[in-house]
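Participant: The numbering of the sequence shown is my numbering, which starts it at 43 and goes up by one.
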Amino acid sequence: MTEAAATESRHVKRITRNFILANRAASAGMTDSPLCRTENIRWQTLEVGRRSRAALLNQQPAVVWLTGLSGSGKSTIANSLEKLLHGKGRSTYVLDGDNIRHGLNRDLGFTNEDRIENIRRVAEVAKLMADAGLIVLVSFISPFRAERQLAREMMEKGEFFEVFIDTPIEECARRDPKGLYRRAIAGEIKHFTGISSPYEPPDNPELRLRTVGSTPDQLAIQIEALLDARLQRNDCTGDVF
């Protein structure tokens, strides 16, 4: 067995590290180290809060969550949007799906379970960055509605913006420089979103962008306009976006 597996610790004095697999072939083994979540933790109160951090940056925090198929243009649009905001003196950070898998989420694969954990971790990071006063641009396929809703609920009210990068799968496959769609259709890549793994489009995103016929810069301007209008209306810090 070469893949990581989750084990469950029972509430007993001594946590055993043995496990049994029963799926086609019976197997047994021993875990390297069980994951034990401590119950003896509490929130630490800090004197400098999110409003103070945002005021120092003279901006309102926001999380812009770009979701769409692989090759839809999420990363390119996020990059254009960050350049646009950065040029106007805004403090931003892009959380990109591929980049995060080189570090924080390098231990995750592409099963449904791993995708869910992938989004949970990224949402936690985005929340921390928003608490620091940043405008966070999240560029992830994030295929499941439930996980995107979970991310929304983690953020402060009015600071989460779901942006659906709506590109037909045929166009995504045409753009694909790495040939991932071709390989997925041939069965060489498992759990590929849109081919062998589902994608659930947003029901009611803050913004829906159809990329065909528009440049990334044009689409970035639309997102900035959304942020400008919504954040000024929901201003809670006394600062103008």
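We put the CB at the ideal spot given by N, CA and C, even for glycine.
Figure out for me which residue from S122, D156, L176 and L170 has the closest Cα to the Cα of L99.
Facilitator: Looking up residue 99 in the sequence shown gives position 57. The residue with the shortest Cα to Cα distance from L99 is L176.
Participant: In three-state terms, what does DSSP make of R143?
Facilitator: In the sequence shown, the residue the question calls residue 143 occupies position 101. Correct three-state label for R143: coil.
Participant: Once you ignore the five residues that flank A120 on each side, which residues in its own chain have a CB closer than 6 Å to its CB?
Facilitator: Here residue 120 is taken as the residue at index 78 of the sequence shown, counted from 1. Closer than 6 Å at the Cβ level, and outside the excluded window around A120, lie L108, V136, L179 and S181.
Participant: Taking all protein chains shown into account, do 16 or more other C-beta atoms lie within 10 angstroms of the C-beta of Q274, making it buried, or fewer, making it exposed?
Facilitator: The residue you call residue 274 lines up with position 232 of the sequence shown. So Q274 ends up on the exposed side.
Participant: Which word fits T235, buried or exposed, when buried means at least 16 other C-beta atoms lie within 10 angstroms of its C-beta?
Facilitator: In the sequence shown, counting from the first residue as 1, residue 235 sits at position 193. Per the 10 Å Cβ criterion, buried.
Participant: Taking Cβ positions only, does I119 come closer than 7 Å to chain C?
Facilitator: Absence of chain C from the displayed structure is noted, only one protein chain being present.
Participant: Determine the direct distance from the alpha carbon of V167 to that of G129, and round the result to whole angstroms.
Facilitator: Within the sequence shown, the letter at position 87 stands for residue 129. Within the sequence shown, the letter at position 125 stands for residue 167. Distance between the alpha carbons of G129 and V167: 24 Å.
Participant: Whole angstroms are fine: how far does the CA of L249 sit from the CA of E204?
Facilitator: On the sequence shown, residue 204 is found 162 positions in, with the first residue counted as 1. On the sequence shown, residue 249 is found 207 positions in, with the first residue counted as 1. Those two C-alpha atoms are separated by around 7 Å.
Participant: Would you mind sorting E297 into buried or exposed? The rule is 16 or more other CB atoms within 10 Å of its CB.
Facilitator: Residue 297 lies beyond the residue range present for the chain, which begins at 43 and ends at 283; the question has no answer from this structure.
Participant: Can you give me the C-alpha to C-alpha distance between A174 and A96, rounded to a whole angstrom?
Facilitator: Taking the first residue of the sequence shown as 1, we reach residue 174 at position 132. Taking the first residue of the sequence shown as 1, we reach residue 96 at position 54. The straight-line gap from Cα to Cα measures roughly 7 Å.
Participant: Curious, which full-length alpha helix (DSSP H) runs of at least 4 residues does the region 212 to 254 contain?
Facilitator: Runs found: 222 to 227.
Participant: Looking at the secondary structure, which residues open and close the alpha helix (DSSP H) in which E90 lies?
Facilitator: Here residue 90 is taken as the residue at index 48 of the sequence shown, counted from 1. Residue identity check: residue 90 is Val in the sequence provided, not Glu. Note, V90: premise wrong, no alpha helix (DSSP H); not H, not E.
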